[in-house]
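Read top to bottom, the protein sequences are chains W and F. Quick note: to get my numbering, add 2 to the position in the first sequence (first position is 1). Quick note: to get my numbering, add 8 to the position in the second sequence (first position is 1).
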Amino acid sequence: MIAELGHFALILAFVTSIVVSIVPLVGVALGNTKMMQLAVPATVVMTGGVLIAFAALVWAFVTSDFSVALVTSHSHSAKPLIYKISGTWGNHEGSLLLWIVILVSFAAILTVSGTAMPMVLKTRTLAIQGIVSAAFLAFSLFTSNPFARLSPAPLDGNGLNPVLQDPGLALHPPTLYVGYVGLSMAFSFAVAGLLDGKIDRAWAIYVRPWITAAWCALTIGIALGSWWAYYELGWGGWWFWDPVENASLMPWLVATALIHSVSVVAARGIFKSWTVLLAILAFSLSLVGTFIVRSGLLTSVHSFASDPARGAFILGILLFAIGIPLALFAWRGPQLINDGDYQPVSRETGLLVNNFLLTAATIVVLIGTFYPLGLEMVSGARITVGPPYFDATFNPIMGVLVLAMAFGPVMAWRRGTLPALRFVASGAIMATLVAVLAGLALFTGISLAGLSGIGMIAWLSGGILADIFHRVKHAGKGRIGERRAVQMPVWGMWCAHLGMVVFLLGALGNGLFATETVVRAKPGDVIDLAGKEITFAGVEARQGPNYVTSTAMLELRRDGQFLARLEPENRLYTAQRQTTTEAAIRPRLTGDDYAVLGDGDARKGYTLRLYHKPLVSWIWAGAGLMALGGLLAAVGRARIPHHSAELDTWT
Amino acid sequence: MIGRTNNQSKRAGPKLSFILPLVGFLILAGFAAAALFATLSGSRNPAQLPSVLISKPAPATPAPMLDNAAATLDLATFAGRPLLVNFFASWCAPCQAEAPALALLSETLPVIGVAYKDKPADTQAFLNQYGNPFSAIGVDRDGRLGLAWGVYGVPESYLIGADSKILLRHAGPIDRRVLDEVLIPAIRDAQ
């Protein structure tokens with residue numbers, strides 16, 4: 003009964019979404035206010051329908067209603083409640099419904115929050131969001147109905163993929179989806195702006211909170227996914243250049259460019275066509291991300307849900323949702339050009355460099371992800387380009403970006419630099435010199451790559467800290483360009499940029515100074531790991547709630563002093579005869595000790611993989627700081643009236 | 009300050025650049041559509057690649073061994089019977105997929121692995137996790153060996169005849185179908 007109610011609510015939402023897509027746009031064309039006003043209540047009804055459907059599906063999972071086919075194939079009565087709930091979106095149909103929940107919720111928030119917006123812009127934005135919702139609701143109803151019944155209902159379910167039975171993964175998809183789908187708002191604003199033929203500073207100020215929110219969620223979502231891969235896949239790595247990871251990185255790179263370019267539109271009213279294009283591309287890449295995961299077009303360690311038949315539908319949505327806006331852009335975009343009066347040395351140029359580098363990085367990732375597919379089309383070969391390609395192409399671009407990041411914020415709008423430039427430059431240079439000398443002194447035989455990494459991080463952090471120091475010291479002292487106290491968005495920018503420093507420290511520490519040993523050990527053996535001793539006591543079998551394990555018992559000591567017990571295990575999930583590897587991790591701020599149990603037996607010995615990973619947790623802490631920075635900037639701007647464009651000049 | 013739409017200059021010059029995103033997208037979409045429909049119709053499958061090296065002797069570029077960096081991988085040791093040379097890497101997802109097929113194949117003929125652009129420790133971890141079907145493993149850290157053989161990427165395999173000449177090249181993972189329909193017949197012919 004509940005499932006039928008959910009199904010009905012979903013159909014209702016679909017029908018309403020068609021109303022949202024058509025009537026308000028016709029209203030705008032005819033100048034009919036009544037029809038335009040329909041966008042708001044219709045969006046609310048559509049959202050209500052989707053929320054009821056989602057609640058019904060969660061209910062079916064929580065109560066283990068095995069007459070619903072989806073529950074049977076993805077849940078099990080013996081599963082802990084939290085994984086019954088997260089199981090709702092741990093599968094194709096449910097995750098699609100979650101995606102739609104977020105999509106319509108964003109539209110619903112706009113109906114409430116966008117009171118100051120011009121009527122036409124708001125109506126068109128809601129209608130575009132409605133069109134996207136209609137497409138995905140159709141996808142859900144016609145190809146991936148989550149409420150399909152199973153008769154007769156089995157006694158118990160087939161469980162959830164055990165790799166997905168994990169707190170990190172319970173949170174990762176919803177957060178990532180908020181990011182992906184949040185970019186749909188930027189997209190809808192961009193298309194509405196193109197239809198208006200009018201993009202101005204006000205447009206940028208209205209759309210910016212959505213972009214910032216989506217970017218923050220995307221940052222957190224990607225970090226959660228990387229953290230999950232780090233501790234769950236048992237590989238000790240945090241980024242694999244896997245197609246699914248790339249699919250989330252590409253929208254992030256474009257959204258990062260978008261955050262910077264939209265600030266130029268907000269402050270100066272230029273870079274408009276470019277910003278619109280970025281907004282369309284950011285969401286397009288989110289859709290492509292979904293497409294990659296759902297269709298199984300690309301081989302990936304993460305592809306748990308793939309079905310080429312559904313790919314055809316998604317491809318249709320893609321052609322429609324990307325092709326038409328890009329055609330609109332080709333037609334209307336040239337009208338948005340206006341000549342900005344800015345000099346080669348200016349904040350505008352700095353942001354142009356930022357956008358250029360981030361776009362280049364996106365293209366590099368795009369090529370690395372799709373080149374194998376293109377090659378396969380041409381030659382039939384099915385291959386992988388892996389980390390070697392990305393190390394050689396992506397990393398240098400990011401290196402230049404990091405060098406430029408130190409100076410971007412001390413450029414002035416239109417022309418010249420802020421008085422802080424000289425101070426910031428000396429800060430960056432001094433920090434680099436000190437760090438390189440310290441690197442040479444402390445780490446004998448350090449590689450050139452390591453040394454330049456250290457230098458680069460010092461350069462960026464020296465530049466940012468000098469900028470903070472200078473601006474805080476001179477704030478409110480009446481010097482030109484530095485009159486006011488430092489505003490919260492500026493603190494947000496610094497926080498996000500420092501997040502980059504922290505992230506790079508983690509990536510560098512883990513990339514250059516990690517220790518790794520693979521041994522075949524017998525009970526009683528003592529293994530050295532980065533100045534610590536690990537005693538292997540043996541392997542025992544244990545019983546979990548829905549799995550059995552073989553657990554290795556390891557004791558970590560330094561100079562004979564006991565530090566921690568590490569118990570990596572291999573689990574056998576009895577319901578679906580699947581095994582997973584659970585790494586044992588001792589996380590510390592200075593670095594993680596990480597142990598994985600391989601195969602073996604008591605006679606031959608067991609394979610143990612032991613790592614020491616310096617600073618690895620800084621990778622995710624850095625991502626957290628970036629997201630916090632975005633949040634500070636958004637909150638800071640929200641506290642200032644919308645029409646106060648003065649804020650955006652920052653100088 | 010808001011709404012400065014009036015000073016937009018409408019120029020004819022750069023319009024072409026506004027069409028570029030659409031053109032680029034349509035090309036990508038064309039590829040994706042072709043791939044998708046080929047997958048749907050069942051015709052998209054890994055196939056052998058032509059290679060200029062077919063019926064030529066296998067390249068003799070030296071590479072250190074994984075288990076003993078001082079020793080050099082020498083295919084001549086295996087001369088006199090067919091063998092398979094498999095380029096793989098720990099960072100390559102399809103390489104995990106072909107592990108069972110390679111294990112099966114290693115019962116019929118020697119399988120030589122070449123760890124392509126991979127750290128030896130990573131390679132070792134990969135072998136521990138997915139099994140080691142290889143009679144010998146060469147380390148190709150900088151991809152020089154791959155260059156000599158003309159590999160596109162990993163995984164990629166070469167079937168070598170008893171006369172040490174390359175018989176067949178297969179790009180992509182070896183699955184059960186490739187094993188039964190391509191490799192086993194080719195090995196039978198070679199013997």
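Virtual Cβ for every residue (Gly too), placed ideally from N, Cα, C.
For the ligand NAD, is there any heavy atom lying closer than 7 angstroms to the beta carbon of residue 497 (chain W)?
Inclusion of the ligand NAD in the displayed structure is not the case, the ligand content being empty and no account of it being possible.
The region 173 to 185 of chain W in contact with the region 219 to 229 of chain W per 3-pair CB rule at 8 angstroms
yes
Within the continuous alpha helix (DSSP H) that includes residue 522 (chain W), where are the two ends?
Numbered from 1 along the first sequence, position 520 holds the residue referred to as residue 522 (chain W). Per DSSP, residue 522 (chain W) belongs to no alpha helix (DSSP H); it is in the beta strand (DSSP E), 517 to 523.
Does the distance from the CB of residue 415 (chain W) to the CB of residue 518 (chain W) come in under 8 angstroms?
One-based indexing of the first sequence puts residue 415 (chain W) at position 413. One-based indexing of the first sequence puts residue 518 (chain W) at position 516. Contact flag unset, no.
Compare the C-alpha of residue 263 (chain W) against each of W:89, W:360, W:140, W:576 and name the closest.
As a working note, residue 263 (chain W) is residue 261 in the first sequence. Nearest C-alpha to residue 263 (chain W): W:360.
Listing by chain order, which chain W residues have their CB less than 8 angstroms from the CB of residue 136 (chain F)?
If you number the second sequence from 1, residue 136 (chain F) lands on position 128. Those are 520, 600, 601, 609, 611, listed as they occur along chain W.
If you draw a straight line from the C-alpha of residue 211 (chain W) to the C-alpha of residue 49 (chain W), how long is it?
Stepping through the first sequence from its first residue, residue 211 (chain W) is reached at position 209. Stepping through the first sequence from its first residue, residue 49 (chain W) is reached at position 47. Whole-angstrom Cα-Cα distance: 21 angstroms.
Within its chain, find whatever has a CB closer than 8 angstroms to the CB of residue 9 (chain F); leave out the 5 residues flanking it on each side and keep chain order.
For the purposes of this step, residue 9 (chain F) is taken as the residue at position 1 of the second sequence. In this predicted model, residue 9 (chain F) has a pLDDT of only 33, less than 50, meaning its place in the structure is not dependable; the value taken from the coordinates is given anyway. Nothing listed; no residue qualifies.
Assuming residue 510 (chain W) contacts residue 464 (chain W) under a Cβ cut-off of 8 angstroms, what Cβ separation, rounded to an integer in Å, is found between them?
Within the first sequence, residue 510 (chain W) is the residue found at index 508, counting from 1. Within the first sequence, residue 464 (chain W) is the residue found at index 462, counting from 1. Not confirmed; about 16 angstroms, so no contact.
Neighbourhood of residue 307 (chain W) by C-beta, 6 angstroms cutoff - its chain only, sequence neighbours within 5 removed
To locate residue 307 (chain W), count along the first sequence from 1; it is residue 305. Confidence at residue 307 (chain W) is low in this model, with a pLDDT of 36, below 50, so its placement is unreliable and no value can be given for it.
DSSP three-state label for residue 23 (chain F), please.
Taking the first residue of the second sequence as 1, we reach residue 23 (chain F) at position 15. Reduced to three states, the DSSP call for residue 23 (chain F) is helix.
Report the partner residues of residue 134 (chain F) according to the DSSP bridge assignment.
As a first step, residue 134 (chain F) must be located in the second sequence, where it is residue number 126. Bridge partners of residue 134 (chain F): none, in fact.
Name the chain W residues whose beta carbon is nearer than 8 angstroms to that of residue 36 (chain F)?
The count along the second sequence starts at 1 and reaches residue 36 (chain F) at position 28. Here the neighbours are 372.
How far does the alpha helix (DSSP H) with residue 83 (chain F) in it reach, from first residue to last?
Taking the first residue of the second sequence as 1, we reach residue 83 (chain F) at position 75. That residue, residue 83 (chain F), is in no alpha helix (DSSP H); it is neither H nor E in DSSP.
If you measure beta-carbon to beta-carbon, which residues of the region 173 to 189 of chain W are closer than 7 angstroms to chain B?
Absent from the structure is chain B; the protein chains it does hold are W and F.
Go ahead and label residue 76 (chain F) buried or exposed: buried means 16 or more other beta carbons lie within 10 angstroms of its beta carbon, across all protein chains shown.
One-based indexing of the second sequence puts residue 76 (chain F) at position 68. Under this definition residue 76 (chain F) is an exposed residue.
Within this structure, are the beta carbons of residue 75 (chain W) and residue 66 (chain W) separated by less than 8 angstroms?
Here residue 75 (chain W) refers to the residue found at position 73 when the first sequence is read from its first residue. Here residue 66 (chain W) refers to the residue found at position 64 when the first sequence is read from its first residue. No, the pair does not count as a contact, with Cβ atoms beyond the cut-off.
Taking the beta carbon of residue 528 (chain W) as the centre, do at least 16 other beta carbons fall within 10 Å, making it buried, or is it exposed?
Translated into the one-based positions of the first sequence, residue 528 (chain W) becomes position 526. Under this definition residue 528 (chain W) is an exposed residue.
Verify the CB distance criterion: does residue 398 (chain W) have a CB-CB separation below 8 angstroms to chain F?
Translated into the one-based positions of the first sequence, residue 398 (chain W) becomes position 396. By this cut-off, residue 398 (chain W) is not an interface position.
Nearest to residue 98 (chain F) by alpha carbon, out of F:139, F:26, F:112?
Taking the first residue of the second sequence as position 1, residue 98 (chain F) is located at position 90. Residue F:139 is the option with its Cα nearest to residue 98 (chain F).
Could you name the residues of chain F that residue 335 (chain W) contacts, counting a contact when the two beta carbons are closer than 7 angstroms?
Position 333 of the first sequence, counted from the start, is the residue given in the question as residue 335 (chain W). 26, listed in chain order.
Alpha carbons only, please: which of W:541, W:638, W:587 is nearest the one belonging to residue 601 (chain W)?
Along the first sequence, read from residue 1 onward, the residue named residue 601 (chain W) stands at position 599. Nearest of W:541, W:638, W:587 to residue 601 (chain W), Cα basis: W:541.
Just how far apart, CA to CA, sit residue 291 (chain W) and residue 102 (chain F)?
Here residue 291 (chain W) is taken as the residue at index 289 of the first sequence, counted from 1. Here residue 102 (chain F) is taken as the residue at index 94 of the second sequence, counted from 1. Using only the alpha carbons, I get a separation of about 20 angstroms.
So, is the C-beta of residue 156 (chain F) closer than 8 angstroms to a C-beta in chain W?
In the second sequence, residue 156 (chain F) corresponds to position 148, counting from 1. It does not: the Cβ of residue 156 (chain F) has no partner Cβ on chain W nearer than 8 angstroms.
Output yes or no for whether 8 angstroms exceeds the beta carbon distance between residue 492 (chain W) and residue 460 (chain W).
Walking along the first sequence from the start, residue 492 (chain W) turns up at place 490. Walking along the first sequence from the start, residue 460 (chain W) turns up at place 458. No, these two residues do not count as a Cβ contact at 8 angstroms.
Tell me, please, whether the CB atom of residue 631 (chain W) is closer than 8 angstroms to any CB atom in chain F?
Numbered from 1 along the first sequence, position 629 holds the residue referred to as residue 631 (chain W). Residue 631 (chain W) does not count as touching chain F.
Check the Cβ of residue 527 (chain W) against every Cβ in chain F and list those closer than 7 angstroms, keeping chain order.
Taking the first residue of the first sequence as 1, we reach residue 527 (chain W) at position 525. Residues of chain F passing the Cβ test: none, with the nearest at roughly 16 angstroms.
Less than 6 angstroms between C-beta atoms, sequence neighbours within five positions excluded: which residues of the same chain meet that for residue 188 (chain F)?
Here residue 188 (chain F) corresponds to residue number 180 of the second sequence, with the count starting at 1. There are no such residues.
Helix, strand or coil at residue 539 (chain W) according to DSSP, with G and I counted as helix
As a working mapping, residue 539 (chain W) is identified with position 537 in the first sequence. Strand.
Member of W:147, W:423, W:548, W:515 whose CA lies at the smallest distance from the CA of residue 446 (chain W):
For this step, residue 446 (chain W) is matched to residue 444 along the first sequence. Residue W:515 is the option with its Cα nearest to residue 446 (chain W).
Contacts around residue 504 (chain W), its chain only, beta-carbon distance under 8 angstroms, and the 5 residues preceding and following it disregarded:
Numbered from 1 along the first sequence, position 502 holds the residue referred to as residue 504 (chain W). Closer than 8 angstroms at the Cβ level, and outside the excluded window around residue 504 (chain W), lie 620, 623, 624, 627.
Give me the subset of the region 318 to 332 of chain W whose CB atoms are less than 7 angstroms from a CB atom of chain F, sorted by chain position.
320, 321, 324, 325, 328, 329, 331, 332
Less than 7 angstroms between C-beta atoms, sequence neighbours within five positions excluded: which residues of the same chain meet that for residue 524 (chain W)?
To locate residue 524 (chain W), count along the first sequence from 1; it is residue 522. Closer than 7 angstroms at Cβ, skipping near neighbours: 607.
Does the region 362 to 373 of chain W come into contact with the region 410 to 429 of chain W, if we say contact requires no fewer than three beta-carbon pairs (one atom in each stretch) closer than 8 angstroms?
no
Between residue 30 (chain F) and chain W, is the shortest Cβ-Cβ distance under 8 angstroms, so that the two count as touching?
The residue given as residue 30 (chain F) occupies position 22 in the second sequence. Closer than 8 angstroms: yes.
Chain-ordered chain W contacts of residue 33 (chain F) [CB-CB under 7 angstroms]
Reading the second sequence from its first residue, position 25 is the one you call residue 33 (chain F). Under the 7 angstroms cutoff, chain W gives 324, 325, 328.
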